[in-house]
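Visitor: Mind looking over this structure? Questions follow.
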Amino acid sequence: MARIVQKFGGTSVRDIAHIRRVAERVAAEARAGNEVAVVVSAMAGETNRLVDLCTEISPLHDTREYDSIVAAGEQVSSGLLALALQQLGVTARSWLGWQIPVLTDEMHGKARITSIDATELRQRMTAGEVPVIAGFQGLACGGPSRHGRIATLGRGGSDTSAVAMAAALQADRCDIYTDVDGVYTADPRIVRRARKLQAITYEEMLEMASLGAKVLQTRSVEMAMKHRVRLQVLSSFADVPGTLIVDEDEKVEQEVVSGITYSRDEAKVTLIGVPDRPGIAATIFGPLADAGINVDMIVQNVSEDGRTTDMTFTVPHSDLARATDALTALSETIGYARLVPDENVVKISVIGMGMRSHAGVAQRMFKALAENAINIQVISTSEIKISVLVAEQYTELAVRTLHSAYGLDHL
Ligand code: ADP
Ligand code: ASP
Ligand code: MG
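Position in the sequence shown counted from 1, then plus 107, gives you this note's numbering.
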């Protein structure tokens, strides 16, 4: 007997027929004698619909109200799945974040889970009940007001809900069921020749996720790594082995490059005519950090006249309006001449543990892109990845070219 957390994404619960199929899968696991907790996403498209409603009313909305609205999708899907399970004779009930409770910090829209009290759930699971937990949501109550507002965990956050539940329940496994049958060397929707990986290390998966492979939310991988949760990605629709996320020493094959990712969730900001003096970077990036905006790639040009320079950096697309607002308000303090936003960019990355011990990996990337006349705007590297920023229209071409260049195409 094992204790298992099963998570089902939006496409897996997109309509009643699919919810019934999910219920069958959960029931089978429970009938096999396992203790099962289920985490669900909203029905496919529902979160986008709710987000669009908020944006239509006000592009720069109060993020606490945003959370209250967009968390609603999971309330519906968890209730529906509980009903479907009851119809199959399984004792089940739905749980919202605040009912468990799943506590979070107050960073509404992308809150972090701070603690989960799983005592009640564990007792009920031992007694044979299946909790159906609304993913993506929690209760923000750490602040001075302690009013307890609903918080959401950022897009794709149900993965993190699932891993956090697995950790809190000390589950033997966390199975992430989705619309692909595992983690591939690149997004299989873009690269037809992408290969399914039998296993991938936590470190590589962390990079893949944070650099755009949305099959798992980055924080879910971080959390799995920290709490040693056994994580696998599987298909909701086919009974085939998925991809296991493993420790480095558990992985048999060790490629130099294990995956290529792209992220369209980027926007580039260039500040032209920035005074070239000590402390300028802190003046620019401090307020962005205070506003909860993650700055990613940064380039500062060499100053030709010793007085002014240009500073280019990227922020998440969804934060561009907030970033330009913050910087416009500071234009006098910083003293730049012009701010140029550019939304027409994509970040392409190659990832692999093997890069640590191989030279020439970056050169192969630059050469392959050059041969296709793709101009590189910004470059950033770490021990196990290289990222470049290019114009968005080259997304598919760049990903496919690099997939072939590193010998990842399946034959
Ligand atoms: P869910 O709704 O189940 O959470 P998501 O849409 O969030 O599903 O994630 C699954 C999607 O991730 C796939 O449909 C696929 O297009 C995309 N994806 C991107 N990169 C990869 C990759 N390297 N391997 C597998 N899937 C990927
Ligand atoms: N429903 C949320 C979203 O679409 C959370 C998730 O699916 O993981 O982002
Ligand atoms: Mg997802």
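C-beta: ideal position from N, C-alpha, C; glycine also. Computed from a predicted model, the values in this text were never measured in an experiment.
1. Residue ranges of each alpha helix (DSSP H) run of no fewer than 4 residues wholly in the stretch 208-260, ordered along the chain?
2. Helix, strand or coil: which one does DSSP assign to Ala-331?
3. Under the three-state reduction of DSSP, which class applies to Gln-113: helix, strand or coil?
4. Ignoring anything shorter than 3 residues or poking outside the stretch 434-489, list the beta strand (DSSP E) runs there in chain order.
5. With C-beta atoms as the reference, is Leu-427 less than 8 Å away from Pro-448?
6. Would a C-beta distance cut-off of 8 Å place Met-330 and Val-381 closer than the cut-off?
7. With a threshold of 7 Å (Cβ to nearest heavy atom), would Gly-180 be considered close to the ligand ADP?
8. Leaving out five residues before and five after Thr-350 in sequence, what residues of the same chain have Cβ atoms less than 7 Å from its Cβ?
9. Going by alpha carbons, who is nearest to Ala-320 out of Asp-294, Glu-478, His-254?
10. At a cut of 8 Å, does the stretch 138-154 reach the stretch 116-124 through at least three beta carbon pairs?
11. Can we say the stretch 458-477 touches the stretch 494-513, given the rule of at least three CB pairs closer than 8 Å?
12. Could you tell me the alpha carbon to alpha carbon distance between Lys-375 and Ile-481, rounded to whole angstroms?
13. Kindly identify the DSSP beta-bridge partner or partners of Lys-492.
14. With a cut-off of 5 Å, give the chain-ordered residues whose Cβ is closer than this to any heavy atom of the ligand ADP.
15. Here's a check: name, in chain order, each residue in its chain whose Cβ is nearer than 6 Å to the Cβ of Arg-326, leaving out the five neighbours to either side.
16. Out of Leu-157, Thr-170, Glu-213, Ala-271, which has the shortest C-alpha to C-alpha gap to Ile-111?
17. List the endpoints of the continuous beta strand (DSSP E) containing Asp-356.
18. Given this structure, state the Cα-to-Cα distance separating Ile-283 from Leu-318, to the nearest angstrom.
19. To the nearest angstrom, how far is the alpha carbon of Leu-187 from that of Leu-210?
20. How is the beta strand (DSSP E) around Ala-199 delimited, first residue to last?
21. Would you identify the three-state DSSP class for Gly-393, choosing helix, strand or coil?
22. Using only the heavy atoms of the ligand ASP, determine whether one of them is closer than 7 Å to the beta carbon of Arg-262.
23. I'd like to confirm something about Asp-282: is its beta-carbon nearer than 7 Å to some heavy atom of the ligand MG, or not?
24. What residues in its chain sit with their C-beta under 6 Å from that of Ser-201, if we drop five residues either side in the sequence?
25. To the nearest angstrom, how far is the alpha carbon of Gly-196 from that of Arg-128?
26. Comparing alpha-carbon positions, which option in Ala-436, Leu-437, Val-406, Arg-414 lies nearest Val-422?
27. Can you check DSSP and say which residues form a bridge with Thr-350?
28. Using a threshold of 8 Å, state whether the C-beta atoms of Glu-310 and Met-108 are closer than that.
29. Under 8 Å between the Cβ atoms of Val-452 and Glu-373?
30. Determine the direct distance from the alpha carbon of Phe-243 to that of Asp-356, and round the result to whole angstroms.
31. Distance, Cα to Cα, Leu-160 vs Thr-435?
32. Measure the C-alpha to C-alpha separation of Ala-241 and Arg-229 and round it to an integer number of angstroms.
33. Excluding the 5 residues flanking Arg-171 on each side, which residues of the same chain have their C-beta closer than 6 Å to its C-beta?
34. Quick one: what's got a C-beta closer than 7 Å to Arg-463's C-beta in the same chain, skipping five residues either side?
35. With respect to 7 Å, is the separation between the Cβ of Asp-356 and the closest non-hydrogen atom of the ligand MG below this value?
Guide: A quick look at the data gives this:
1. List check, alpha helix (DSSP H) in window: 226-233.
2. Stepping through the sequence shown from its first residue, residue 331 is reached at position 224. Ala-331: helix per DSSP, three-state reduction.
3. Translated into the one-based positions of the sequence shown, residue 113 becomes position 6. Gln-113: strand per DSSP, three-state reduction.
4. The stretch 434-489 is shown to contain whole beta strand (DSSP E) runs of 3 or more residues at 445-449, 452-458, 485-489, in chain order.
5. As a working mapping, residue 427 is identified with position 320 in the sequence shown. As a working mapping, residue 448 is identified with position 341 in the sequence shown. Cβ atoms of Leu-427 and Pro-448: closer than 8 Å.
6. Reading the sequence shown from its first residue, position 223 is the one you call residue 330. Reading the sequence shown from its first residue, position 274 is the one you call residue 381. Note that the C-beta distance between Met-330 and Val-381 is not below 8 Å.
7. On the sequence shown, residue 180 is found 73 positions in, with the first residue counted as 1. Gly-180: no, Cβ never under 7 Å from the ligand ADP.
8. Position 243 of the sequence shown, counted from the start, is the residue given in the question as residue 350. If the five residues before and after Thr-350 are omitted, its C-beta is found closer than 7 Å to the C-beta atoms of Gly-289, Val-290, Lys-303, Leu-304, Gln-305, Ala-306, Ile-307, Gln-339, Val-340, all from its own chain and listed in chain order.
9. Your numbering for residue 320 matches position 213 in the sequence shown. For Ala-320, the nearest C-alpha among the options comes from Asp-294.
10. Counting Cβ pairs under 8 Å, three or more are found: they touch.
11. Yes: at least three Cβ pairs fall under 8 Å.
12. The residue you call residue 375 lines up with position 268 of the sequence shown. The residue you call residue 481 lines up with position 374 of the sequence shown. Approximately 17 Å between the Cα atoms of the pair.
13. Against the sequence shown, residue 492 aligns to sequence position 385. Ile-458, Ser-489.
14. For the ligand ADP, residues qualifying as neighbours are Gly-116, Gly-117, Thr-285, Asp-286, Val-287, Val-290, Tyr-291, Asp-294, Arg-296, Ala-320, Lys-321, Val-322, where qualification means a beta carbon closer than 5 Å to at least one of its heavy atoms (chain order).
15. Locating residue 326 in the sequence shown gives position 219, where the first residue counts as 1. Taken in chain order, the residues that qualify are Thr-267.
16. Translated into positions along the sequence shown, residue 111 becomes position 4. Nearest in C-alpha terms to Ile-111, of all of Leu-157, Thr-170, Glu-213, Ala-271, is Ala-271.
17. The residue labelled residue 356 in the question sits at position 249 within the sequence shown. Here Asp-356 belongs to no beta strand (DSSP E), and DSSP marks it neither H nor E.
18. Stepping through the sequence shown from its first residue, residue 283 is reached at position 176. Stepping through the sequence shown from its first residue, residue 318 is reached at position 211. Near 19 Å, if we compare the C-alpha coordinates of Leu-318 and Ile-283.
19. Reading the sequence shown from its first residue, position 80 is the one you call residue 187. Reading the sequence shown from its first residue, position 103 is the one you call residue 210. So the alpha carbons of these two residues sit roughly 24 Å apart.
20. Within the sequence shown, the letter at position 92 stands for residue 199. Segment 199-202, the beta strand (DSSP E) holding Ala-199.
21. The residue labelled residue 393 in the question sits at position 286 within the sequence shown. In this structure, DSSP gives Gly-393 a helical state, which the three-state scheme calls helix.
22. As a first step, residue 262 must be located in the sequence shown, where it is residue number 155. When distances are taken from the beta-carbon of Arg-262 to the heavy atoms of the ligand ASP, the shortest one is below 7 Å.
23. Reading the sequence shown from its first residue, position 175 is the one you call residue 282. Distances between the C-beta of Asp-282 and the heavy atoms of the ligand MG are all 7 Å or more.
24. Within the sequence shown, the letter at position 94 stands for residue 201. Closer than 6 Å at Cβ, skipping near neighbours: Ser-185, Gly-186, Ala-189, Val-239.
25. Counting from 1 along the sequence shown, the entry for residue 196 is found at position 89. Counting from 1 along the sequence shown, the entry for residue 128 is found at position 21. Rounded to whole angstroms, Gly-196 to Arg-128 spans 14 Å at the Cα level.
26. In the sequence shown, counting from the first residue as 1, residue 422 sits at position 315. The shortest Cα separation from Val-422 among Ala-436, Leu-437, Val-406, Arg-414 belongs to Val-406.
27. Reading the sequence shown from its first residue, position 243 is the one you call residue 350. Paired residues: Val-340.
28. Against the sequence shown, residue 310 aligns to sequence position 203. Against the sequence shown, residue 108 aligns to sequence position 1. For Glu-310 and Met-108, no; Cβs fall outside 8 Å.
29. Indexing the sequence shown from 1 puts residue 452 at position 345. Indexing the sequence shown from 1 puts residue 373 at position 266. Yes, they are a contact pair.
30. Sequence index remark: in the sequence shown, residue 356 carries index 249 (1-based). Sequence index remark: in the sequence shown, residue 243 carries index 136 (1-based). Their backbone Cα atoms lie some 32 Å apart in a straight line.
31. For the purposes of this step, residue 160 is identified with residue 53 of the sequence shown, where counting begins at 1. For the purposes of this step, residue 435 is identified with residue 328 of the sequence shown, where counting begins at 1. Cα to Cα, the separation comes out at about 27 Å.
32. Here residue 241 corresponds to residue number 134 of the sequence shown, with the count starting at 1. Here residue 229 corresponds to residue number 122 of the sequence shown, with the count starting at 1. About 16 Å.
33. Here the question's residue 171 lines up with position 64 in the sequence shown. Closer than 6 Å at the Cβ level, and outside the excluded window around Arg-171, lie His-215, Arg-256.
34. Taking the sequence shown and counting its residues from 1, one reaches residue 463 at position 356. Taken in chain order, the residues that qualify are Glu-490, Ile-491.
35. Numbered from its first residue, the sequence shown carries residue 356 at position 249. Because no heavy atom of the ligand MG lies under 7 Å away, the Cβ of Asp-356 does not count as near it: no.
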